[in-house]
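Trainee:
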Amino acid sequence: MFHRKITLLFFIILSMFALHAVTIAQFSFVQITDLHIADGKYNLYHHDNNGVMFQKVLNAVNGTIPKPAFVVATGDISNIGEGGISTGSEGMYEALTKHLFANRSLYPAPGDLFIDSARHVPIYFTPGNHDYYTRFIPYVTTGTLAYYAKHISPDTDYCVVYKNAVILFVRSGHDAHRSLKEDKDWKKPECSGLSNSQCSWIRNTLKTYSDKRKIIVMHHPAVDVNGIKVDGTVNTIVCDTADGSLCRNRTMFLNICDSNHVDVVLNGHSHQNVVCNRAGKVVDNNWALGTRYVQTAPGFLGCYRIITVDSGFVYVGIPQITSSIDDKNISSPGVLKYDETFANTENFISFGELKIQ
């Protein structure tokens with residue numbers, strides 16, 4: 005009887021520790037993408053003038069219970085990110101940052117911008133092809149991100165370590181084209197892709213955190229397939245799995261994801277919702293037989309997605325749409341809020357380990 009009690013007590017304690025570990029490890033975050041923020045001076049094509057829809061998404065995310073640990077914004081933050089003289093503003097980014105709260109108003113580091121006044125929920129960025137544009141008609145792009153770096157985030161890759169996960173933020177580059185022989189639709193550009201040094205950094209970072217759940221966020225999809233648009237219709241513009249994808253080192257990136265057991269790669273760009281595997285087969289959101297390549301529909305249409313991480317798996321939520329939220333409920337701070345006391349590292353609420361390339 006005594007031994008039975010000891011054994012029972014041991015299993016109770018073991019169960020409590022296991023439950024505690026799962027509770028500590030589990031968290032959620034939100035992906036938004038393709039915000040296409042505009043400021044009224046150069047409103048062409050898809051855009052969100054003055055960030056009205058962006059604020060609706062923030063209201064919805066801030067009302068989520070439990071609150072997400074952070075938000076990731078996966079590219080095309082601005083509609084014309086390097087516009088300057090042609091748009092009359094520095095990349096239109098102030099039309100976005102006026103809805104956020106900051107520890108640093110200019111040249112913010114990753115984690116310096118927040119979606120809530122308490123500064124509990126940081127928003128992390130990676131750029132898209134529109135963030136390199138200097139103008140439309142004709143499209144003109146640059147290889148630098150001067151205004152993006154000044155107002156949003158450094159022009160670099162970086163990773164964030166939070167609880168049992170590592171999240172890599174990767175720049176997939178500006179507009180570029182495959183050869184005419186490879187590309188069935190040359191009018192639709194791909195992206196410049198990843199340099200060899202970027203691939204080395206991705207590989208080394210994943211190996212360093214081999215014991216964690218692994219998530220990569222970047223704008224362009226490494227695997228592109230036709231998915232579902234916001235209006236419920238099927239997308240038909242994707243010609244092949246490399247369409248709109250990485251011109252440089254696409255295969256190398258896919259191999260890195262395979263060999264390092266990356267859980268999910270979160271993308272935007274094609275303005276649709278879809279989850280697929282490396283071969284381009286559409287799979288269930290929580291397919292468990294390899295890396296999932298996830299596209300989320302655009303934020304300028306009110307879309308976002310909740311990702312949940314626990315000790316053993318990364319769960320991809322169904323797309324959420326906030327377009328039904330009434331404008332009268334929007335509560336924008338109006339200007340970028342900056343407070344020196346929050347910039348003091350002694351008062352800053354640490355988000356986690358931040359590694360910049």
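In terms of the working numbering, the sequence shown opens at residue 5 and continues consecutively. Just so it is clear, CB atoms sit at the ideal spot from N, CA and C, and this is done for glycine as well. Note that the structure is predicted; figures quoted are calculated from it, not measured.
Let me know the secondary structure DSSP gives Tyr128 once reduced to three states.
Mentor: Three-state result, Tyr128: strand.
Trainee: What are the start and end residues of the alpha helix (DSSP H) that includes Gln299?
Mentor: Not the alpha helix (DSSP H): Gln299 falls in the beta strand (DSSP E), residues 296-299.
Trainee: Shortest alpha-carbon distance to Tyr152 belongs to which of Leu250, Val165, Thr101?
Mentor: Measuring from the Cα of Tyr152, the nearest candidate turns out to be Thr101.
Trainee: In angstroms, rounded to a whole number, what distance separates the CA positions of Ser121 and Thr37?
Mentor: Roughly 22 Å separates the two Cα atoms.
Trainee: What is the DSSP secondary structure of Arg217, counted as helix, strand or coil?
Mentor: Three-state DSSP puts Arg217 in a strand.
Trainee: Can you give me the C-alpha to C-alpha distance between Ile220 and His124, rounded to a whole angstrom?
Mentor: Rounded to whole angstroms, Ile220 to His124 spans 22 Å at the Cα level.
Trainee: With DSSP collapsed to three states, give me the class of Leu3.
Mentor: Here the chain comprises residues numbered 5 to 361, so residue 3 is not present and cannot be evaluated.
Trainee: Quick one: what does DSSP say Cys251 is sitting in, helix, strand or coil?
Mentor: Strand, per DSSP.
Trainee: For Asp179, does the three-state DSSP call read helix, strand or coil?
Mentor: Strand, per DSSP.
Trainee: Hey, Gly367 and His134 are a contact pair by Cβ (cut 8 Å); roughly how many whole angstroms apart?
Mentor: Absent from the structure is residue 367, since the part of the chain shown begins at 5 and ends at 361.
Trainee: For the putative contact between Asn289 and Ile322, defined by C-beta atoms under 8 Å, what is the C-beta separation to the nearest angstrom?
Mentor: The Cβ separation is near 7 Å, so the contact holds.
Trainee: Glu186: buried (16+ other C-beta within 10 angstroms of its C-beta) or exposed?
Mentor: Exposed is the call here.
Trainee: Judging by CA-CA distance, which residue of Glu98, Arg139, Val170 is the nearest neighbour of Asp314?
Mentor: Looking at the Cα atoms, Val170 is the closest of the given residues.
Trainee: Could you tell me the alpha carbon to alpha carbon distance between Asn281 and Ser263, rounded to whole angstroms?
Mentor: Those two C-alpha atoms are separated by around 14 Å.
Trainee: When you compare each of Leu110, Pro158, Gln202, Asn239 to Ser176 by their alpha carbons, which one comes out closest?
Mentor: Minimum Cα distance to Ser176 is reached at Gln202.
Trainee: Which stretch, first to last residue, makes up the beta strand (DSSP E) that contains Phe36?
Mentor: The residue asked about is misnamed: residue 36 is Ile in this sequence, not Phe. Start and end: 31-36.
Trainee: Within 10 Å of its beta-carbon, does Tyr143 have 16 or more other beta-carbons around it, so buried, or fewer, so exposed?
Mentor: When all chains shown are included, Tyr143 counts as exposed.
Trainee: By how many angstroms is the C-alpha of Val164 removed from the C-alpha of Lys218?
Mentor: So the two alpha carbons sit approximately 11 Å from each other.
Trainee: Quick one: grab the DSSP three-state call for Phe118.
Mentor: Phe118 falls in the strand class under three-state DSSP.
Trainee: Classify Leu293 as buried or exposed, calling it buried when 16 or more other Cβ atoms lie within 10 Å of its own Cβ.
Mentor: By the neighbour-count rule (16 or more Cβ atoms within 10 Å), Leu293 is not buried but exposed.
Trainee: So what does Gln324 bridge to, in DSSP terms?
Mentor: DSSP output for Gln324 lists Tyr308 as bridge partner(s).
Trainee: Please state whether DSSP places Ala153 in a helix, a strand or coil.
Mentor: In this structure, Ala153 counts as helix in the three-state DSSP scheme.
Trainee: From Asp65 to Ser93, what does the alpha carbon distance come to, in whole angstroms?
Mentor: Before going further, note that residue 65 is Val rather than Asp in the sequence given. So the two alpha carbons sit approximately 28 Å from each other.
Trainee: Taking only the alpha-carbon atoms, compute the straight-line gap between Ser249 and Tyr297 and give it to the nearest angstrom.
Mentor: Approximately 12 Å, taken between the alpha carbons.
Trainee: Quick check on the burial criterion: 16 or more other C-beta atoms within 10 angstroms. Buried or exposed for Gly236?
Mentor: Exposed: under 16 other Cβ atoms inside 10 Å.
Trainee: Helix, strand or coil for Asn53 per DSSP?
Mentor: DSSP places Asn53 in strand when its eight states are reduced to three.
Trainee: What did DSSP end up calling Arg207 once you bin it into helix, strand or coil?
Mentor: Helix, per DSSP.
Trainee: Can you tell which of Arg252, Ser274, Ile206, Met222 has the C-alpha that lies nearest to the C-alpha of Asn239?
Mentor: Taking only the C-alpha atoms, the option nearest Asn239 is Ser274.
Trainee: For Thr145 and Ile232, I'd like the C-alpha separation in whole angstroms.
Mentor: Thr145 and Ile232: Cα-Cα distance of roughly 29 Å.
Trainee: Excluding sequence positions up to five away, which residues of its chain have a Cβ less than 7 Å from the Cβ of Lys304?
Mentor: Per the sequence shown, residue 304 should be read as Phe rather than Lys. Cβ neighbours of Phe304 beyond the five flanking positions: Asp38, Leu39, His40, His50, His51, Asp52, Met57.
Trainee: Going by C-alpha distance, which of Leu104, Gly88, Val242, Val229 is nearest Asn63?
Mentor: Ranking the options by Cα distance to Asn63, first place goes to Leu104.
Trainee: Indicate whether Val278 and Val287 have their beta-carbon atoms separated by less than 7 Å.
Mentor: Cβ distance not < 7 Å, so Val278 and Val287 don't count as in contact.
Trainee: By how many angstroms is the C-alpha of Asp43 removed from the C-alpha of Thr326?
Mentor: The straight-line gap from Cα to Cα measures roughly 21 Å.
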